[in-house]
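Just add 11 to wherever you are in the sequence shown, counting from 1, and you've got my numbering.
All residues carry an ideal CB built from backbone N, CA and C; glycine is no exception.
Let me begin by presenting the structure, written as structure tokens, before commenting on it.
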Amino acid sequence: MTSAIALANVIFRYRQGGFTLSCPKLDFFPGELSLITGANGSGKTTLSQLMCGILQPSQGEVRIFGKSAANLSLGQIGSQVGYLFQNPARQLFSGTVWKEMTLVDELLGRDSKSAACKASRLLEDFGLGHLQERSTYYLSGGEKQRLALCTLLMGGARFLILDEPTVGLDKPNRQILYSVIDSLLAEGRGLAVITHEAELIRRYPQAGRIQVDKGQVAS
């Protein structure tokens, strides 16, 4: 099976701070869930941002569905790999919840009726249906997290990277998140989830485990 994302002999160095991440070999596959764990500051987010082209390795190669990430634009990578930031405010751009949900489809000229139906369903599933006209500025942290995840699911990415997706979610909304993960895996989409959440780790004992420790990646 072709990897969704493959890292080979990757080394990344920050110009300031002296931190280095080393990943000899790592593969992520469609239809599989991988959990990325490690202490704060160990390099988990750095790894995830290398996986989706936000960061470029100092050495080695990252491949996205068989193509070198170095030869792909962020837009091309984004059509294949969706990324949920740990701080959801970083990926909310529109004035209202509804405009945020339909922004990408509107920019790309996609069918507005189909987009509206999908947006409505996702907002209802995540308990945001009553907030369609709410300013994104006045959402709580948990509501922003759920909205950011909804906007990510509006796209057709074949692989999703979620950085601490349970932060700010209460138990009912965590259960919704787990149901979404189950559905995405059943559709054949792959996921990599950065998490400290023991509940999530217990729920998916079959998931691949990737440990990041002081800049060293081990699977």
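* Asked: Quick one, are the C-beta atoms of L95 and L163 less than 7 Å apart?
  -> As a first step, residue 95 must be located in the sequence shown, where it is residue number 84. As a first step, residue 163 must be located in the sequence shown, where it is residue number 152. Closer than 7 Å, so yes.
* Are the region 29 to 44 and the region 82 to 100 touching, with three or more C-beta to C-beta distances below 8 Å? -> No, because fewer than three Cβ pairs between the region 29 to 44 and the region 82 to 100 fall closer than 8 Å, the two stretches do not touch.
* Asked: With which residues is I65 paired in a DSSP beta bridge?
  -> Residue 65 sits at position 54 when you count from the first residue of the sequence shown. DSSP, once it has assigned bridges, lists no residue as partnering I65.
* So R214 is in the alpha helix (DSSP H); what residue range does that whole segment cover? -> Mapped onto the sequence shown, residue 214 falls at position 203. Note, R214: alpha helix (DSSP H), 209 to 214.
* Per-residue burial, S45 [other beta carbons within 10 Å of its own, 16 or more giving buried] -> Looking up residue 45 in the sequence shown gives position 34. S45 should be labelled buried.
* Extent of the continuous alpha helix (DSSP H) to which T48 belongs -> Residue 48 sits at position 37 when you count from the first residue of the sequence shown. Unbroken run through T48 is the beta strand (DSSP E), 44 to 48; no alpha helix (DSSP H).
* To do: Give a yes or no on contact between the region 105 to 120 and the region 68 to 81, applying the rule of three or more CB pairs nearer than 8 Å.
  => no
* Asked: Considering only C-alpha positions, which residue in the set P35, Q87, F104 is nearest to V223?
  -> Counting from 1 along the sequence shown, the entry for residue 223 is found at position 212. Looking only at P35, Q87, F104, the smallest Cα-Cα distance to V223 is reached by P35.
* Excluding the five sequence neighbours on either side, which residues of its own chain have a C-beta within less than 7 Å of the C-beta of I187, listed in chain order? -> As a position in the sequence shown, residue 187 is number 176, starting the count at 1. So the qualifying residues of the chain are D136, F137.
* To do: Give the DSSP-derived three-state secondary structure of R101 in the structure shown.
  => As a first step, residue 101 must be located in the sequence shown, where it is residue number 90. The answer is helix: DSSP assigns R101 an H, G or I state.
* To do: Would you list the one or two residues that DSSP bridges to I205?
  => On the sequence shown, position 194 is the one that residue 205 refers to. According to DSSP, I205 bridges with I47, D174.
* Using 10 angstroms around the beta-carbon of Q156, count the other beta-carbons present and answer buried if the total reaches 16, otherwise exposed. => Against the sequence shown, residue 156 aligns to sequence position 145. Around the C-beta of Q156, 16 or more other C-beta atoms lie within 10 Å, and the residue is accordingly described as buried.
* To do: Just tell me which of G28, G52, S14, R214 has its CA closest to the CA of I75.
  => As a position in the sequence shown, residue 75 is number 64, starting the count at 1. Checked all of G28, G52, S14, R214; the closest Cα to I75 is S14.
* To do: Mind checking who V92 pairs with in its DSSP beta bridge?
  => Start at 1 with the first residue of the sequence shown, and residue 92 comes out as number 81. BP columns for V92 point to F170.
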